[in-house]
Amino acid sequence: GTCVQATTHTKSQFLGGRFVLGFGVSFCCVSAPCYVSEMAHPKWRGTLTGLYNTTWYIGSIIASWVVYGCSYIENNENAWRIPIWCQMITSGIVCLGVFWLPESPRWLMAQDRYEEAAKVLATYHGEGQLDNPLIQLQLKEMANQISSEASDKKWYDYHELWNTHSARRRLICVLGMACFGQVSGNSLSSYYMVNMLKSAGITDEHKVLALNGINPALSLIGAVTGARMTDVVGRRPLLLYTIVFSSICFAIMTGTSKLAMPGHVGNLDDAGTQALTPSQRAAANTTIAFIFIFGIVFSFGWTALQSMYIAETLPTATRAKGTAVGNFASAASSVVLQYSSGPAFEKIGYYFYLVFVFWDLIEGVVIFFYFPETKDRTLEELEEVFSAPNPVKKSLEKRSAQTVLNTMGALDDEKVTI
């Protein structure tokens, strides 16, 4: 896809390359979060799986600053190709590194390769010791869930995602997380940063590109911090508090943007752009500050959880399919927002922020009533949560020994024989 894009001389070829590139990325977006959540130690699952999604900002930072540097290349019609070619760096690293990755123990168990699954778990969770109590517990939980649900043999059959109460409650979380992760205003600051800055009176090309490069750097700090906090404060508090604060950020940005652009055209400066009064400049700077604050807050609470929460709410049998459905819902939501945001900015300008002021609050209500806490439980033990009449209430109860016994499907301490 990169090669097709970077060598293009026509719009149709460029779009074709983008399609191929996006098609390949889709496979990674399905398999990677599933793999990380299944390989991570239960104690560090939230942090490690959360860190996976935060690396998105590393690519964003590189892309933003490469574009910024290329903006100074004058009289060179091929300068835009440099950022396109840079896409090969990270994809090349993935292509080489995948040969050193062990297979998921849950996938191995589903393929009746129990001995290999035990070795992988012992290596990464038990310091190489097969008789480690944690390894024996995980093996028994995996074996019981896989034997009761059966492995995912029919690739075209998706009915398992909604055929039971537990499955439907999981699907609500998957679709909610996928859609909310795109329509909470974060896509707006990613794809329409230029429009947001323009609405605040910032129009200089180099300044806009520089601010566009600073934003993901600050968001990365928030995302990495938030990834660690998922295992400290839990998933629900992060989602709830940050989505409410995101609503507040958009409310403030609406007001400051109005003050920065009062509706009449002021004098032009030497560069031919609109000259701002001191009060307008202060309002514009405040808008920029809250664009960055929103990015940090959203990244702190949502970036780490976007892929992680979807992957860990799904059982082994449907994790890949459910993640694929989540990615489809996420992409569909993103497409709708991207194609509607441009006309919205043209018609109503900064008043478009008010949509997210109220929508983010609606998201908070849905999360409060439908998103259970997944902290401090193994992936298999979450079945007890989602099977309960009220999964949210059940998830807030402390994990007990009975939970472990129910998950193993046994009333004794017999070990799995390998």
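In the working numbering, the protein residues as written are 4 to 421.
C-beta atoms are modelled at their ideal positions from N, C-alpha and C, and glycine is treated no differently.
Note that the coordinates shown come from a computational prediction; the quantities given were computed from them, not determined experimentally.
Residues of its chain near residue i, where Cβ-Cβ distance is below 6 Å and the 5 sequence neighbours each way are ignored
{"i": "L200", "result": "V211"}
{"i": "I217", "result": "none"}
{"i": "V388", "result": "P375, P394, K397 and S398"}
{"i": "E366", "result": "F183 and I246"}
{"i": "E400", "result": "none"}
{"i": "S390", "result": "S169"}
{"i": "I255", "result": "F293"}
{"i": "G345", "result": "none"}
{"i": "L364", "result": "S250"}
{"i": "Y195", "result": "S344"}
{"i": "P2", "result": "Lying outside 4 to 421, the shown extent of the chain, residue 2 is not represented and no answer is given."}
{"i": "M311", "result": "T52 and G53"}
Distance CB(residue i)-CB(residue j) smaller than 8 Å
{"i": "Y373", "j": "V339", "result": "no"}
{"i": "N56", "j": "Q309", "result": "yes"}
{"i": "W165", "j": "L174", "result": "yes"}
{"i": "L142", "j": "A121", "result": "yes"}
{"i": "D234", "j": "W47", "result": "yes"}
{"i": "F297", "j": "T259", "result": "no"}
{"i": "V7", "j": "Q16", "result": "yes"}
{"i": "L191", "j": "I291", "result": "no"}
{"i": "Q114", "j": "E386", "result": "no"}
{"i": "S336", "j": "Q90", "result": "no"}
{"i": "A334", "j": "V33", "result": "no"}
{"i": "C37", "j": "A226", "result": "no"}
{"i": "H44", "j": "H128", "result": "yes"}
{"i": "V360", "j": "T289", "result": "no"}
{"i": "F371", "j": "L241", "result": "no"}
{"i": "K350", "j": "G49", "result": "no"}
Cβ separation of residue i and residue j, assumed to be a contact under 8 Å, to the nearest whole Å
{"i": "L262", "j": "A286", "result": "4 Å"}
{"i": "S187", "j": "F301", "result": "7 Å"}
{"i": "A307", "j": "C182", "result": "Contact doesn't hold; Cβ gap of about 18 Å is too wide."}
{"i": "F303", "j": "G229", "result": "4 Å"}
{"i": "L18", "j": "T5", "result": "L18 to T5, Cβ: 14 Å. No contact."}
{"i": "V101", "j": "L111", "result": "That belief does not hold up - the Cβ atoms of V101 and L111 are roughly 17 Å apart, past 8 Å."}
Residues near residue i in its chain [Cβ-Cβ closer than 8 Å; skip 5 each side]
{"i": "V97", "result": "C31"}
{"i": "P219", "result": "Y60, S63, I64, S67 and G298"}
{"i": "G329", "result": "V177, L178, M180, A181 and I313"}
{"i": "A125", "result": "G131, Q132, L133, N135 and I138"}
{"i": "C73", "result": "A82, W83, I85 and P86"}
Contact set for residue i: own chain, Cβ-Cβ below 7 Å, skip 5 residues either direction
{"i": "V39", "result": "L51, T52 and Y55"}
{"i": "V369", "result": "G179"}
{"i": "V70", "result": "P86 and L212"}
{"i": "R109", "result": "E41, M145 and T319"}
{"i": "T11", "result": "F17 and G20"}
{"i": "A347", "result": "F355"}
{"i": "G95", "result": "none"}
{"i": "T93", "result": "G62"}
{"i": "A35", "result": "Y55"}
{"i": "M232", "result": "L241"}
{"i": "L221", "result": "F295, G298 and I299"}
{"i": "Y75", "result": "none"}
{"i": "N198", "result": "F348"}
{"i": "A9", "result": "R84, I87 and W88"}
{"i": "S107", "result": "Y38, E41 and M42"}
C-beta neighbour in chain D for residue i, strict 8 Å
{"i": "V97", "result": "No chain D is part of this structure, which consists of one protein chain only."}
heavy atom of the ligand ATP below 7 Å from residue i C-beta
{"i": "C89", "result": "The ligand ATP is absent from the structure shown, which contains no ligand whatsoever."}
Quiz item: Pairing CB atoms from the region 158 to 172 with CB atoms from the region 317 to 331, are three or more of them under 8 Å?
Solution: Two segments are said to touch when three or more pairs of C-beta atoms, one from each, lie closer than 8 Å; by this definition the region 158 to 172 touches the region 317 to 331.
Quiz item: When the Cβ atoms of the region 74 to 92 are set against those of the region 247 to 255, are three or more pairs found closer than 8 Å?
Solution: No contact exists between the region 74 to 92 and the region 247 to 255.
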